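Student: Below are the structure tokens for one structure; questions will follow.
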Amino acid sequence: MPDVPQTLNIMGRVTGMDTVKDERLSLSTKLGFGAGDIFGGGSMVIIGFFYLYFITDVLLISPALAGIVFLISKIWDASIDPIIGVITDRTRTRFGRRRPYFLAGVVLISLAFSMLWYNVGFEKEWQRMAYALGSYMFFTTVHSFMMIPYFSLASELTLDYTERTSLATVRMLFSMGSSLVCAVVPYEIVKMFPDESTGFFVMAVIFGLVFGLPYLATFFLTRERREFQREPEPFSFRKTFIEPFKTPTFVNVLLMYLFTMSTMDIIMSIMIYFMTYFMQRSGETNYVLGSLLVAQMVAIVIFSAISKRRGKKQSFIYAATAWLFIMASSFLIGPGQPVWLIYAFGALVGLGSGGMVIMIYSILPDVPDADELYSGERREGTYSGVISFLRQLSTAFGIFLVSNALSLAGFKKPVKEMVDGVSTLVKQQQSPELLMTLRLMLALIPVVYLLVCIYNAHRYSLTPGLHDRLKNFLAARRSGAVVDRAEEAFLKRSLERHG
729 MPDVPQTLNI
739 MGRVTGMDTV
749 KDERLSLSTK
759 LGFGAGDIFG
769 GGSMVIIGFF
779 YLYFITDVLL
789 ISPALAGIVF
799 LISKIWDASI
809 DPIIGVITDR
819 TRTRFGRRRP
829 YFLAGVVLIS
839 LAFSMLWYNV
849 GFEKEWQRMA
859 YALGSYMFFT
869 TVHSFMMIPY
879 FSLASELTLD
889 YTERTSLATV
899 RMLFSMGSSL
909 VCAVVPYEIV
919 KMFPDESTGF
929 FVMAVIFGLV
939 FGLPYLATFF
949 LTRERREFQR
959 EPEPFSFRKT
969 FIEPFKTPTF
979 VNVLLMYLFT
989 MSTMDIIMSI
999 MIYFMTYFMQ
1009 RSGETNYVLG
1019 SLLVAQMVAI
1029 VIFSAISKRR
1039 GKKQSFIYAA
1049 TAWLFIMASS
1059 FLIGPGQPVW
1069 LIYAFGALVG
1079 LGSGGMVIMI
1089 YSILPDVPDA
1099 DELYSGERRE
1109 GTYSGVISFL
1119 RQLSTAFGIF
1129 LVSNALSLAG
1139 FKKPVKEMVD
1149 GVSTLVKQQQ
1159 SPELLMTLRL
1169 MLALIPVVYL
1179 LVCIYNAHRY
1189 SLTPGLHDRL
1199 KNFLAARRSG
1209 AVVDRAEEAF
1219 LKRSLERHG
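Using the numbering used here, the first residue of the sequence shown is number 729, and each one after it goes up by one.
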């Protein structure tokens, strides 16, 4: 019997073949995938909290040279991310494009994280700096080779619009749980030893295993899609790094993502100064951040449920609007107010930010679907690499913005003074201008950033219904069916329509 030509009609149904069915992932697959972000969520918390201190107070490297270590490593990290994205897209093995990296990561993560916290004991400072720089660059390389395939895998595990939200929810619960543990436990391990050098290395060995071993679950409990394993086209710089920005969906989602995460960067970098110099409660900073993280975990569950009824776009807008008003209300908080009010503020920030983060991470896996309509290729790794590269730049810009604003406002550094015969760093009284700068940065910058998020979310046009039609069209085209060009034109017009 001759083959019956298969076509896709204007309603998105394939004649002669079934449409793509809703794909429900097993709990084991979701847990296996979620376990991979124990590393992503926890390692950056430990490094963010303790690595600068380790370099200056354990390796005995001057702050100026320590800054160079961070700067060079950040430039290196940002530069290699797009390249790694291309490499993983073009990888072909019997295990797939992404999963082989997870298997290698079990050993490499443990090794790289342990090296990061090892005191080599070199006599000369430049030698210690060279070791710190080399070990940090090695770690960031391993981190990128793990996280870029990991982010890319979310688009491949399921093509179902709502199931991707469920997958992102499980992943973020693992990530937030890891962040909470890593904000508290590591330094408790360090304090168990009389020598901080030994304590940090023991901590690193323990957490190197905690971060590396879960990738065994990610490797064995997830599967990649065979239909995405076609031979790649010859490499093209323009097609890889320029054309993604011609996809309207990508540009909208990229701006939503960057300004969401940049808002968090600004708040996290300002909070310790705000609590120390304006609120006069530096000892409670960790507890405020703790209330924020706990509330983020609650928000993940709440907004995942909301998205099932209202969709990802609307849920993102709800969270962004709530977060915007919460940040504007920071002007109502001042010294001498009840402590519960400060914790409540931290928790409300966590609810708004947690809702936005879970929604943007459930929206991101839909971007490669829109790109495939235009390019005909699956380029999850390319998109992950480009997004990671721009994320690194936005983080650097946020820190630059905050540090320079503090400097221009006349920030006074702590000075060494003898207190009861002991040399102690004493914090200085800050000027009213500096205190007002802190309040303005905590309120106004997040409000402006969140308005950008809301604006781009309104322009985002990939609705659940449109995604179903897109999914069916792409499945038909991959199968070799004769597709209706009118449907293709309709999909492109719909994606390019704003709002």
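Backbone N, C-alpha and C define an ideal beta-carbon position, used for all residues, glycine too.
The structure displayed is predicted, hence computed values, not measured ones.
Just verifying my parser: in three-state terms, what is the DSSP assignment at residue 924?
Tutor: Position 196 of the sequence shown holds residue 924. The answer is helix: DSSP assigns residue 924 an H, G or I state.
Student: Are the beta-carbon atoms belonging to residue 1182 and residue 1048 less than 8 Å from one another?
Tutor: Counting from 1 along the sequence shown, the entry for residue 1182 is found at position 454. Counting from 1 along the sequence shown, the entry for residue 1048 is found at position 320. Closer than 8 Å, so yes.
Student: From the DSSP output, in three-state form, read off residue 848 for me.
Tutor: Counting from 1 along the sequence shown, the entry for residue 848 is found at position 120. Of the three classes helix, strand and coil, the one that applies to residue 848 here is coil, per DSSP.
Student: Applying the 10 Å Cβ sphere with the 16-neighbour rule, what's the burial state of residue 1158?
Tutor: Walking along the sequence shown from the start, residue 1158 turns up at place 430. Of the residues assessed, residue 1158 falls on the buried side of the cut-off, its CB having 16 or more other CB atoms within 10 angstroms.
Student: Let me know if residue 1200 comes out buried or exposed under the rule of 16 or more other beta-carbons within 10 Å of its beta-carbon.
Tutor: Counting from 1 along the sequence shown, the entry for residue 1200 is found at position 472. By the 10 Å Cβ count, residue 1200 comes out buried.
Student: Are the beta-carbon atoms belonging to residue 870 and residue 836 less than 8 Å from one another?
Tutor: Working through the sequence shown from its first residue, we reach residue 870 at position 142. Working through the sequence shown from its first residue, we reach residue 836 at position 108. Taking 8 Å as the Cβ cut-off, residue 870 and residue 836 qualify as a contacting pair.
Student: Could you give the distance in angstroms between the alpha-carbon of residue 1004 and the alpha-carbon of residue 1019?
Tutor: Position 276 of the sequence shown holds residue 1004. Position 291 of the sequence shown holds residue 1019. So the two alpha carbons sit approximately 17 Å from each other.
Student: Measure the alpha-carbon distance for residue 1197 versus residue 1103 and round it to whole angstroms.
Tutor: As a first step, residue 1197 is located in the sequence shown; it is residue number 469 there, counting from the start. As a first step, residue 1103 is located in the sequence shown; it is residue number 375 there, counting from the start. Cα to Cα, residue 1197 sits roughly 17 Å from residue 1103.
Student: Identify which residue in 759, 1124 and 1134 has its Cα closest to the Cα of residue 795.
Tutor: Translated into positions along the sequence shown, residue 795 becomes position 67. Considering only alpha carbons, the answer is 1124.
Student: Count the other CB atoms within 10 Å of the CB of residue 852; is the residue buried (16 or more) or exposed (fewer)?
Tutor: Taking the first residue of the sequence shown as position 1, residue 852 is located at position 124. By the neighbour-count rule (16 or more Cβ atoms within 10 Å), residue 852 is not buried but exposed.
Student: Pull up the distance between the alpha-carbon of residue 1209 and that of residue 928, whole angstroms please.
Tutor: Stepping through the sequence shown from its first residue, residue 1209 is reached at position 481. Stepping through the sequence shown from its first residue, residue 928 is reached at position 200. One C-alpha to the other measures close to 59 Å.
Student: Going by CA-CA distance only, name the one from 888, 950, 1002 and 1165 that's closest to residue 1192.
Tutor: Locating residue 1192 in the sequence shown gives position 464, counting from the first residue. Its Cα nearest to that of residue 1192, the residue 888 stands out among 888, 950, 1002 and 1165.
Student: Just the Cα atoms here: how many angstroms apart are residue 804 and residue 878?
Tutor: Residue numbering aside, residue 804 sits at position 76 when the sequence shown is read from its first letter. Residue numbering aside, residue 878 sits at position 150 when the sequence shown is read from its first letter. Approximately 20 Å between the Cα atoms of the pair.
Student: I'd like to know if the stretch 1022–1031 and the stretch 1075–1086 are in contact, where contact means that at least 3 CB-CB pairs between them fall below 8 Å.
Tutor: yes
Student: Short check: CB of residue 1180 to CB of residue 969, under 8 Å?
Tutor: By 1-based counting over the sequence shown, the position of residue 1180 is 452. By 1-based counting over the sequence shown, the position of residue 969 is 241. No, they are not a contact pair.
Student: Give every residue of the same chain whose Cβ lies closer than 6 Å to the Cβ of residue 829, excluding the five residues on either side of it in the sequence, and list them in chain order.
Tutor: The residue labelled residue 829 in the question sits at position 101 within the sequence shown. 873 and 877.
Student: Got a sec? Which residues, its chain only, sit under 6 Å from residue 801 by beta carbon, not counting five neighbours each side?
Tutor: Along the sequence shown, one-based indexing puts residue 801 at 73. Cβ neighbours of residue 801 beyond the five flanking positions: 864, 865 and 868.
Student: Between which two residues does the alpha helix (DSSP H) harbouring residue 1003 extend?
Tutor: Counted from its first residue, the sequence shown places residue 1003 at position 275. Counting along the chain, residue 1003 falls outside any alpha helix (DSSP H), and DSSP gives it neither H nor E.
Student: Have a look at residue 1106 and residue 990 and give me their C-alpha separation to the nearest angstrom.
Tutor: Start at 1 with the first residue of the sequence shown, and residue 1106 comes out as number 378. Start at 1 with the first residue of the sequence shown, and residue 990 comes out as number 262. Their Cα atoms are separated by approximately 28 Å.
Student: Report the option in 1218, 787, 1175 and 1000 whose CA atom is closest to the CA atom of residue 1080.
Tutor: The residue you call residue 1080 lines up with position 352 of the sequence shown. The residue with the shortest Cα to Cα distance from residue 1080 is 1175.
Student: Roughly how many whole angstroms lie between the Cα atoms of residue 792 and residue 857?
Tutor: By 1-based counting over the sequence shown, the position of residue 792 is 64. By 1-based counting over the sequence shown, the position of residue 857 is 129. Going from the Cα of residue 792 to the Cα of residue 857 covers about 11 Å.
Student: How would you call residue 912, buried or exposed, if buried means at least 16 neighbouring beta carbons within 10 angstroms?
Tutor: Indexing the sequence shown from 1 puts residue 912 at position 184. Per the 10 Å Cβ criterion, exposed.
Student: In its own chain, which residues sit with a C-beta less than 6 Å from the C-beta of residue 1034, not counting the 5 before and 5 after it?
Tutor: Sequence index remark: in the sequence shown, residue 1034 carries index 306 (1-based). Closer than 6 Å at Cβ, skipping near neighbours: 1043.
Student: Over the uninterrupted alpha helix (DSSP H) stretch that includes residue 1107, give me the two end residues.
Tutor: Against the sequence shown, residue 1107 aligns to sequence position 379. Annotation for residue 1107: no alpha helix (DSSP H) segment contains it, and DSSP assigns it neither H nor E.
Student: Return the residue from the list 816, 770, 1064 and 1177 that minimises the CA-CA distance to residue 1111.
Tutor: Locating residue 1111 in the sequence shown gives position 383, where the first residue counts as 1. Of 816, 770, 1064 and 1177, the residue nearest in Cα terms is 816.
Student: To the nearest angstrom, report how far apart residue 1016 and residue 1072 are at their CA atoms.
Tutor: One-based indexing of the sequence shown puts residue 1016 at position 288. One-based indexing of the sequence shown puts residue 1072 at position 344. Rounded to the nearest angstrom, the two C-alpha atoms are 9 Å apart.
Student: Between the Cα of residue 1108 and the Cα atoms of 797, 1097, 1135 and 982, which residue gives the shortest distance?
Tutor: Position 380 of the sequence shown, counted from the start, is the residue given in the question as residue 1108. Out of 797, 1097, 1135 and 982, 1097 has the C-alpha closest to the C-alpha of residue 1108.
Student: Between the beta-carbon of residue 1090 and the beta-carbon of residue 820, is there less than 8 Å?
Tutor: Your numbering for residue 1090 matches position 362 in the sequence shown. Your numbering for residue 820 matches position 92 in the sequence shown. Their beta carbons are not under 8 Å apart, which means residue 1090 does not touch residue 820 by this criterion.
Student: Quick one: grab the DSSP three-state call for residue 1066.
Tutor: The residue given as residue 1066 occupies position 338 in the sequence shown. Three-state DSSP puts residue 1066 in coil, outside helix and strand.
Student: To the nearest angstrom, report how far apart residue 1121 and residue 806 are at their CA atoms.
Tutor: Here residue 1121 refers to the residue found at position 393 when the sequence shown is read from its first residue. Here residue 806 refers to the residue found at position 78 when the sequence shown is read from its first residue. Cα to Cα, residue 1121 sits roughly 7 Å from residue 806.
Student: Check whether the stretch 1133–1141 and the stretch 898–913 touch, using three or more Cβ-Cβ pairs below 8 Å as the test.
Tutor: No: the two stretches stay apart, fewer than three of their Cβ pairs being nearer than 8 Å.
Student: If you reduce the DSSP assignment to three classes, tell me which class residue 916 lands in.
Tutor: Here residue 916 is taken as the residue at index 188 of the sequence shown, counted from 1. Three-state DSSP puts residue 916 in a helix.
Student: Among 827, 1128, 810 and 902, which has the Cα closest to the Cα of residue 767?
Tutor: Along the sequence shown, one-based indexing puts residue 767 at 39. Out of 827, 1128, 810 and 902, 902 has the C-alpha closest to the C-alpha of residue 767.
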